[in-house]
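Here is the structure we will look at, set down as structure tokens.
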């Protein structure tokens, strides 16, 4: 008999509750990762995410070998693959850490029913969030829709548990089942290979995640509150893709931050924002497709201007900070958070392009895009989401550049022609003031529709 550990977005060995539970059973352990692009509703990964996944799985496989084990790779619908592998390894139990998106929860529930029907134990554990989404409720028992009271409620709970130690050994079975070759999955771009910037920027894997946390707490966290809005400042944690892929757990981040003796309140509130995004997705699974605030269903989006969308994607809008941000994204698979807000606001409120188009582009190009934070943050900027900025709060990219990149360091790195003047600069796609007013006029339609509905 063996215990099967089903890895998902938790590609680590330290603080892995499902792995710890498997080891506590005292049986040989088989570690499995399933690339599921076939189950209904499961969102296919974007190109940058696939690049990261390839390298993160390679790192996890290497670490498991160092601990006396192997990582088994299979591709296909999890509802079929997991029970098949469980049967092949004579599993007495299958364990995993929970997922919180609607389609993922349906898959996991179906797998649990199938396994238990076959006489195999199936257990899930809390490993990806500090607080389970259903445990943080308002005084009326509902879910939170505003961040500040949500985070206050979280902080009023017992503190997050201590992270679990990394195992010294993962006991091997007598033999392993067949495994796919990671290279055959085609996760890396080849024709063309556009990932050189990703390779220069990132090192996926659990060891790199632990190093990055240590470096941030030692060198950067003291300046976080003061300089985190400066895109050239270098004080951000750069932990988001490591958290997204579960190469480090939020419990580890929390405990080491608290134990650092530094001023970490502002940084931990950003961990709280991540929690709030997952809290929202759990209660509203259609976050990437539907307006959280249904009032915005009445927003009069014009016909899509595909040329404007393409110029925005390529960083050719004629707006220096927007173009710099979009080029950073394409080159490195990430973008400074302040600039993410600026480029999103420009797309939605100056170019008047539906936020879903931007969300899909970020999904394909960000290494840290996940099912919660990506649509959650797009809806926040659009004004249709939880705790959203008022619609009339439109980020002026010129003002933002003067305030947060006054020496043009960020723009000079990613869109240098705006600083040197050495190239023919693109004409701005729209006038910022006129397009802002057009967006406010369109929002009046939303308000009028809501007022009409209230009168009925």
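In this note's numbering, the protein residues as written are 3 to 458.
Here a beta-carbon is modelled for each residue, glycine too, at the ideal position from N, C-alpha and C.
Computed from a predicted model, the values in this text were never measured in an experiment.
Extent of the continuous beta strand (DSSP E) to which residue i belongs
{"i": "residue 226", "result": "Taken as a continuous stretch (DSSP letters only), residue 226 belongs to no beta strand (DSSP E), being part of the alpha helix (DSSP H) at 226–229."}
{"i": "residue 265", "result": "Careful: residue 265 lies outside any beta strand (DSSP E) and carries neither H nor E."}
{"i": "residue 94", "result": "93–99"}
{"i": "residue 74", "result": "73–77"}
{"i": "residue 127", "result": "123–127"}
{"i": "residue 9", "result": "4–9"}
{"i": "residue 32", "result": "31–37"}
Cβ pair residue i, residue j closer than 7 Å
{"i": "residue 237", "j": "residue 226", "result": "yes"}
{"i": "residue 367", "j": "residue 50", "result": "yes"}
{"i": "residue 127", "j": "residue 20", "result": "yes"}
{"i": "residue 240", "j": "residue 212", "result": "no"}
{"i": "residue 24", "j": "residue 97", "result": "yes"}
{"i": "residue 173", "j": "residue 377", "result": "no"}
{"i": "residue 330", "j": "residue 416", "result": "yes"}
{"i": "residue 223", "j": "residue 264", "result": "yes"}
{"i": "residue 294", "j": "residue 386", "result": "yes"}
{"i": "residue 208", "j": "residue 14", "result": "yes"}
{"i": "residue 444", "j": "residue 351", "result": "no"}
{"i": "residue 360", "j": "residue 346", "result": "yes"}
{"i": "residue 233", "j": "residue 447", "result": "no"}
{"i": "residue 48", "j": "residue 365", "result": "yes"}
Contacting residues, own chain, Cβ-Cβ under 6 Å from residue i (five flanking each side not counted)
{"i": "residue 374", "result": "279, 280, 283"}
{"i": "residue 363", "result": "315"}
{"i": "residue 254", "result": "17, 165"}
Contacts around residue i, its chain only, beta-carbon distance under 8 Å, and the 5 residues preceding and following it disregarded
{"i": "residue 304", "result": "354"}
{"i": "residue 252", "result": "130, 131, 132, 162, 245, 273, 276, 277"}
{"i": "residue 257", "result": "162, 164, 165"}
{"i": "residue 427", "result": "320, 419, 420"}
Straight-line gap, residue i to residue j (C-alpha atoms, nearest Å)
{"i": "residue 467", "j": "residue 147", "result": "Because the chain is modelled from 3 through 458, residue 467 falls outside the range shown and cannot be assessed."}
{"i": "residue 191", "j": "residue 65", "result": "24 Å"}
{"i": "residue 408", "j": "residue 401", "result": "10 Å"}
{"i": "residue 125", "j": "residue 335", "result": "35 Å"}
{"i": "residue 451", "j": "residue 297", "result": "8 Å"}
{"i": "residue 56", "j": "residue 10", "result": "13 Å"}
{"i": "residue 58", "j": "residue 75", "result": "13 Å"}
{"i": "residue 394", "j": "residue 433", "result": "17 Å"}
{"i": "residue 77", "j": "residue 40", "result": "9 Å"}
{"i": "residue 180", "j": "residue 93", "result": "15 Å"}
{"i": "residue 431", "j": "residue 358", "result": "20 Å"}
{"i": "residue 156", "j": "residue 138", "result": "7 Å"}
{"i": "residue 112", "j": "residue 106", "result": "10 Å"}
{"i": "residue 122", "j": "residue 116", "result": "9 Å"}
{"i": "residue 340", "j": "residue 406", "result": "9 Å"}
{"i": "residue 392", "j": "residue 439", "result": "15 Å"}
{"i": "residue 526", "j": "residue 219", "result": "There is simply no residue 526 to check, as the chain begins at 3 and stops at 458 in what is shown."}
{"i": "residue 454", "j": "residue 292", "result": "22 Å"}
{"i": "residue 311", "j": "residue 327", "result": "15 Å"}
{"i": "residue 235", "j": "residue 270", "result": "19 Å"}
{"i": "residue 152", "j": "residue 422", "result": "46 Å"}
{"i": "residue 389", "j": "residue 120", "result": "45 Å"}
{"i": "residue 317", "j": "residue 108", "result": "39 Å"}
Residue i: first and last residue of the uninterrupted alpha helix (DSSP H) it sits in
{"i": "residue 445", "result": "434–457"}
{"i": "residue 388", "result": "First-last for residue 388: undefined, no H or E at that position."}
{"i": "residue 57", "result": "49–68"}
{"i": "residue 413", "result": "411–416"}
{"i": "residue 302", "result": "Unbroken run through residue 302: none, as it is neither H nor E."}
{"i": "residue 377", "result": "375–384"}
{"i": "residue 351", "result": "That residue, residue 351, is in no alpha helix (DSSP H); it is neither H nor E in DSSP."}
{"i": "residue 113", "result": "104–119"}
{"i": "residue 27", "result": "Careful: residue 27 lies outside any alpha helix (DSSP H) and carries neither H nor E."}
Per-residue burial, residue i [other beta carbons within 10 Å of its own, 16 or more giving buried]
{"i": "residue 381", "result": "buried"}
{"i": "residue 73", "result": "buried"}
{"i": "residue 202", "result": "exposed"}
{"i": "residue 46", "result": "exposed"}
{"i": "residue 8", "result": "buried"}
{"i": "residue 136", "result": "exposed"}
{"i": "residue 349", "result": "buried"}
{"i": "residue 289", "result": "buried"}
{"i": "residue 80", "result": "buried"}
Chain-order list of residues whose beta-carbon lies under 7 Å from that of residue i (same chain, five-residue window excluded)
{"i": "residue 140", "result": "146"}
{"i": "residue 184", "result": "56, 59, 60, 75"}
{"i": "residue 399", "result": "321, 323, 324, 344, 348"}
{"i": "residue 91", "result": "4, 6, 32, 175, 179"}
{"i": "residue 287", "result": "103, 104"}
{"i": "residue 1", "result": "Absent from the model: residue 1. The displayed extent of the chain is 3 to 458, so no value can be given."}
Any non-hydrogen atom of the ligand GTP within 6 Å of residue i CB
{"i": "residue 408", "result": "With respect to the ligand GTP, the structure shown offers nothing to examine, as it has no ligands at all."}
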